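Q:
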Amino acid sequence: MLRAGVFLQDRYEILERIGSGGMSDVYKAKCHKLNRMVAVKVLKEEFCSDEGFISKFKMEAQSAARLAHPNIVSVYDVVDEGVLHYIVMELVEGITLKNYIAKKGHLDVQETIGIAIQVAQGIAAAHDQNIIHRDIKPQNIIISRDGKVKVTDFGIAKAVSSQTMSTTAIGSVHYISPEQARGGYSDARSDIYSLGITMYEMITGRVPFEGDNTVTVALAHLEEPITPPGTYNSKIPVSLEKIILKSTEKKPEFRYNTAVEVINDLRHALIEPDVDFVKMVPGIDTTAATVTISEKELAQIRQGSGKKDGEAAVPYVSEVTRTEGPAHTEERQKHQPDQAPAAEPEIKLPFEDEPARAYREEPVRGTKKKQNSKRKRKVDDEEDVNPQIEKILTGLGIFVAILFVAGLIFLFAKVGGLFKMGFTKDDKTTVAVEETSEAMDDTKTEMPPVEGLTIDEAEAKLKEKNLVMKVREYQESEEIDEGIVISQEKAAGSSVEKYSTVYVIVSKGSGKINLMELGLEKMDEAEAAQLLTDKKLAVTIERENSESIEQGKVIRFSPEKAAEGESVVLVVSNGSENAMTTVPNLVGETEEEAIALLAEAGLVPGTTNVDTSNTVPKGSVMNQEAPAGTAIARGSAIGYVVSSGPTENRVRYVAAINETYDLSTLVGPGSGSVSLEVTIRLKQIVNGAPEYTPLMPATEITGSTLLPISFSNIEGAPGVQTGELEIINVDTGAVIKTYPLTFFPQE
């Protein structure tokens, strides 16, 4: 285990361990070269003794490093330091999907589909690069703090396949596909099966197959029919349930072929959750009995990782999941002798070690060929109709029927003169448009115009075209009313994928207050100013004479609309131009009282100054520009001076210290290679509570440094004569060293 403070390659500083698994420990680290946080996954010692495994691990990790996708955790570096092997990865601050499910019990439909789409997008990007994950499970899916879903550990599952997984398989066996459990060939559809199990757990809060040990769970994947998730959660819509059931079919050929197909159906489910649109493979009798796996096949599962060199993996045999009626089951049981159950040893979960770029099942080669030929003949004898042959014959029959009907239609149409032997220019144009529209109907649709519509109208119009609307942002607009679509991301009339997301920008109005609706005109100055202040507007007062508007009333205002924080000018009447008034006595009054007296006399505050006074209380008027009792025109400005109180002789409390602290006493041997970030602060108890004053900013120093503690003028809180100087470890917040201080008063 690595200790905090250790540097790898003089670049990655280990900060703390943040996780541990069956094969590795994960640390949070800082890359000092690029100044960013990273995750460092270090292989455990038991995996470092096998050179073959190390070579395969490096190759697979380097292969995964090629992946660059927002739903995949990025791999930055793969390092071999002899006895230390590690991967430097993107650090994702968040929670694993496993822990998220555990906290919530189970997820709702929208959340399940949203997370599943992001996971499938990451898987699809990997499959495009010919990389199969082989270990999709909630533990390998991280939800970041901003809601982004990322898949991790690409390439690692395949490298681990050569090791005995009896100690770590218990977490993965609940999610492996039947072909993986059997030790057979795995491809992209294996990841889709594991994704289906993950969706099952998200929506129900449980996995479909449980058992006391890994053998029981693995056999359940092979033999037992999956319980529909709606059994455990009645709120699951039919579309999502069908997507999960299709993804978790025991035969790969009955599942989705690609992750993109899964994404398309999940997006469709967001629009029409209660419509049964999922195309299941025809001819599957979900009520028929499941054939029991043979003892020989059971032994092969238990010994899956013990194959000899050159011996092929046991293929995915259709007997395990082929369904039979009661008659077939009884006939099969007649020919099966009673056998005692075998002991259940530790199971190894082998992952087929074939190149990831192959996406199809290959026939078994080598020494097992004869045995598999016999098995194939047995299956052919037992099955009424081979599904593949039945598909081909059905397709041929439909094709012949279409040709026959088309011929009859053409014959009668020609006789009736319905067809012309040539096409005009207009005819060709019409045919081209019709063909384009028909082709578009399969996977694409035409983007409708939604600008100028309300949110509800736009959403309904897009839904008619099998599209999902999401608001990118709300923008202020002077011209467009609140709740109206300003713009759409995809142009009207363009061709877009069905069930894709269309982002729009919606108006939130001007965001301004309509002052014309407030009735400010002829309102009292104080009332108008308070009303505007309550609406978080700044107020500026201007005054002018008016023969028609009473003194102190609002004549007009500007602007007509204003946003929060903006200023509004109120023009207030001074009354008639020829009106005179008398200057009131302001001296000795508080500033608030002086302003009120001036307003009462039809005057306004002029220049205001502040000065000290040993006789006039703080906040009161010391003197005024125009003497009290002077006749003056209404609306004139009167300046005054406000007292700041008597001059104070301030007493300072100071302390000093001159010490040295040896950090090596804390770090110990090897302190020269370890660096720490420390700070120094003053701690005092003021009015019963601790107060802290920084004395030295955070500084990074090596563990062998002699830290000078020299301060000649530390100013403390007034009247407090004691305190402490503390040296703090910035990373942990721990107090490394404390020095007592005594403060002395100074004038």
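Here the sequence shown stands for residues 196 to 942, numbered as in my numbering.
Where a beta carbon is used, it is the ideal one built from N, C-alpha and C, also for glycine.
From a predicted model like this one, the values you see are computed outputs, not experimental measurements.
Between the region 684 to 704 and the region 727 to 740, can you find at least three pairs of beta-carbon atoms closer than 8 Å?
A: No, because fewer than three Cβ pairs between the region 727 to 740 and the region 684 to 704 fall closer than 8 Å, the two stretches do not touch.
Q: Can you name the residues that DSSP bridges to Cys226?
A: The residue given as residue 226 occupies position 31 in the sequence shown. Tyr207 and Arg231, per the DSSP bridge assignment.
Q: Specify the secondary structure class of Ala686 as computed by DSSP and reduced to three states.
A: For this step, residue 686 is matched to residue 491 along the sequence shown. Here Ala686 sits in coil by DSSP.
Q: Looking at the secondary structure, which residues open and close the alpha helix (DSSP H) in which Tyr295 lies?
A: Within the sequence shown, numbered from 1, the residue matching residue 295 stands at position 100. Per DSSP, Tyr295 belongs to the alpha helix (DSSP H) from Leu292 to Lys299.
Q: In this structure, how does DSSP classify Asn809 when only helix, strand and coil are distinguished?
A: For this step, residue 809 is matched to residue 614 along the sequence shown. In this structure, Asn809 counts as coil in the three-state DSSP scheme.
Q: Which one of Thr937, Gly216, Met232 and Glu720 has the shortest CA to CA distance from Val849?
A: Counting from one through the sequence shown, the residue named residue 849 turns up at place 654. The shortest C-alpha separation from Val849 is found at Thr937.
Q: Mark Pro889 as exposed unless 16 or more other C-beta atoms lie within 10 angstroms of its C-beta, in which case mark it buried.
A: Within the sequence shown, the letter at position 694 stands for residue 889. It counts as exposed.
Q: Mind the definition here: the region 823 to 842 touches the region 850 to 857 only if three or more C-beta pairs lie below 8 Å; say whether that holds.
A: Contact between the region 823 to 842 and the region 850 to 857 is absent, because fewer than three Cβ pairs lie under 8 Å.
Q: Quick one: Cα of Asn325 to Cα of Leu861, how far?
A: Residue 325 sits at position 130 when you count from the first residue of the sequence shown. Residue 861 sits at position 666 when you count from the first residue of the sequence shown. The straight-line gap from Cα to Cα measures roughly 51 Å.
Q: Compare the beta carbon distance of Thr805 and Val763 with 9 Å and say whether it is the shorter of the two.
A: Taking the first residue of the sequence shown as position 1, residue 805 is located at position 610. Taking the first residue of the sequence shown as position 1, residue 763 is located at position 568. At residue 805 the sequence reads Val, which differs from the Thr that was named. No; because the gap between Cβ atoms is not below 9 Å, this pair is not in contact.
Q: What residues in its chain sit with their C-beta under 8 Å from that of Lys225, if we drop five residues either side in the sequence?
A: Counting from one through the sequence shown, the residue named residue 225 turns up at place 30. Around Lys225: Tyr207, Glu208, Leu210, Arg231, Met232 and Val233.
Q: Can you tell which of Leu440, Ala851 and Tyr281 has its C-alpha closest to the C-alpha of Glu939?
A: Walking along the sequence shown from the start, residue 939 turns up at place 744. What sits at residue 939 in the sequence shown is Phe, not Glu. If we check each option's Cα against that of Phe939, Ala851 comes out closest.
Q: Please classify His264: does DSSP put it in a helix, a strand, or coil?
A: Against the sequence shown, residue 264 aligns to sequence position 69. If DSSP states are grouped into helix, strand and coil, His264 belongs with coil.
Q: In angstroms, rounded to a whole number, what distance separates the CA positions of Val966 and Ala655?
A: Only positions 196 to 942 of the chain appear in the structure, and residue 966 is not among them; the question remains open.
Q: Buried or exposed for Gln204, going by 16 or more other Cβ atoms inside 10 Å?
A: Within the sequence shown, the letter at position 9 stands for residue 204. Exposed, because fewer than 16 other Cβ atoms sit within 10 Å of the Cβ of Gln204.
Q: Which parts of the region 799 to 863 are runs of the alpha helix (DSSP H), unbroken and 4 residues or longer, counting only runs that do not cross its ends?
A: Correct list: 859 to 862.
Q: Going by the beta-carbon positions, is the gap between Pro468 and Val304 smaller than 9 Å?
A: Taking the sequence shown and counting its residues from 1, one reaches residue 468 at position 273. Taking the sequence shown and counting its residues from 1, one reaches residue 304 at position 109. A contact, by the Cβ cut-off of 9 Å.
Q: Please state whether the Cβ-Cβ distance between Gly747 and Gly797 is less than 9 Å.
A: Your numbering for residue 747 matches position 552 in the sequence shown. Your numbering for residue 797 matches position 602 in the sequence shown. Against a cut-off of 9 Å, the Cβ pair of Gly797 and Gly747 comes out as a contact.
Q: Run through the DSSP bridge pairs and tell me what Phe939 is partnered with.
A: Residue numbering aside, residue 939 sits at position 744 when the sequence shown is read from its first letter. For Phe939, which the question treats as bridged, DSSP gives the partners Val849.
Q: Out of Gly914, Ser672 and Leu417, which one is the CA nearest neighbour of Glu444?
A: Sequence index remark: in the sequence shown, residue 444 carries index 249 (1-based). The shortest C-alpha separation from Glu444 is found at Leu417.
Q: Would the region 399 to 408 count as touching the region 424 to 438 if we require 3 or more Cβ pairs under 8 Å?
A: Yes, the region 399 to 408 touches the region 424 to 438.
Q: Assign Asn908 to buried or exposed, taking buried as 16 or more other Cβ atoms, counted over all protein chains shown, within 10 Å of its Cβ.
A: Residue numbering aside, residue 908 sits at position 713 when the sequence shown is read from its first letter. Result: exposed.
Q: Tell me the residue span of the alpha helix (DSSP H) that contains Gly317.
A: Counting from 1 along the sequence shown, the entry for residue 317 is found at position 122. Val304 to Asp323 is the span of the alpha helix (DSSP H), which, as asked, contains Gly317.
Q: Using a threshold of 9 Å, state whether the C-beta atoms of Ile331 and Thr411 are closer than that.
A: In the sequence shown, counting from the first residue as 1, residue 331 sits at position 136. In the sequence shown, counting from the first residue as 1, residue 411 sits at position 216. Cβ distance not < 9 Å, so Ile331 and Thr411 don't count as in contact.
Q: For the ligand GDP, is there any heavy atom lying closer than 8 Å to the beta carbon of Gln819?
A: The ligand GDP is not part of this structure, which contains no ligands at all.
Q: Can you give me the start and stop residues for the alpha helix (DSSP H) that Phe752 sits inside?
A: Sequence index remark: in the sequence shown, residue 752 carries index 557 (1-based). Per DSSP, Phe752 belongs to no alpha helix (DSSP H); it is in the beta strand (DSSP E), Val749 to Ser753.
Q: Rounded to whole angstroms, how far is the Cβ of Val663 from the Cβ of Thr640, which I believe are closer than 8 Å?
A: Numbered from 1 along the sequence shown, position 468 holds the residue referred to as residue 663. Numbered from 1 along the sequence shown, position 445 holds the residue referred to as residue 640. About 12 Å; that fails the 8 Å criterion.
Q: Is the distance from the Cβ of Ile922 to the Cβ of Leu902 below 9 Å?
A: As a working mapping, residue 922 is identified with position 727 in the sequence shown. As a working mapping, residue 902 is identified with position 707 in the sequence shown. For Ile922 and Leu902, yes; Cβs fall inside 9 Å.
Q: If you measure between the beta carbons of Val346 and Ile318, is that distance less than 9 Å?
A: Counted from its first residue, the sequence shown places residue 346 at position 151. Counted from its first residue, the sequence shown places residue 318 at position 123. Contact flag set, yes.
Q: Under a three-way DSSP split, which group does Val574 fall into?
A: Translated into the one-based positions of the sequence shown, residue 574 becomes position 379. Residue confidence for Val574 is low, a pLDDT of 36 falling below 50, so the modelled location carries little weight and cannot support an answer.
Q: DSSP three-state call for Asp676: helix, strand or coil?
A: Position 481 of the sequence shown, counted from the first residue, corresponds to residue 676. Note: Asp676 maps to coil in three-state DSSP.
Q: Is it the case that the Cβ atoms of Ile282 and Ala256 are separated by a distance below 9 Å?
A: On the sequence shown, residue 282 is found 87 positions in, with the first residue counted as 1. On the sequence shown, residue 256 is found 61 positions in, with the first residue counted as 1. Yes, they are a contact pair.
Q: How many whole angstroms separate the CB atoms of Leu793 and Ile750, which I take to be in contact at a CB cut-off of 8 Å?
A: Here residue 793 refers to the residue found at position 598 of the sequence shown. Here residue 750 refers to the residue found at position 555 of the sequence shown. Rounded, the Cβ-Cβ distance is 19 Å, inconsistent with contact.
Q: Roughly how many angstroms separate the alpha carbons of Gly770 and Gln725, rounded to a whole number?
A: As a first step, residue 770 is located in the sequence shown; it is residue number 575 there, counting from the start. As a first step, residue 725 is located in the sequence shown; it is residue number 530 there, counting from the start. In a straight line, the C-alpha of Gly770 is about 22 Å away from that of Gln725.
Q: Which residue's Cα is closest to the Cα of Leu893: Ile875, Glu910 and Asn294?
A: In the sequence shown, the residue the question calls residue 893 occupies position 698. One detail in the question is off: residue 893 reads as Ala in this sequence, not Leu. The residue with the shortest Cα to Cα distance from Ala893 is Ile875.
Q: What residue range is occupied by the uninterrupted alpha helix (DSSP H) comprising Tyr281?
A: As a position in the sequence shown, residue 281 is number 86, starting the count at 1. Unbroken run through Tyr281 is the beta strand (DSSP E), His280 to Glu285; no alpha helix (DSSP H).
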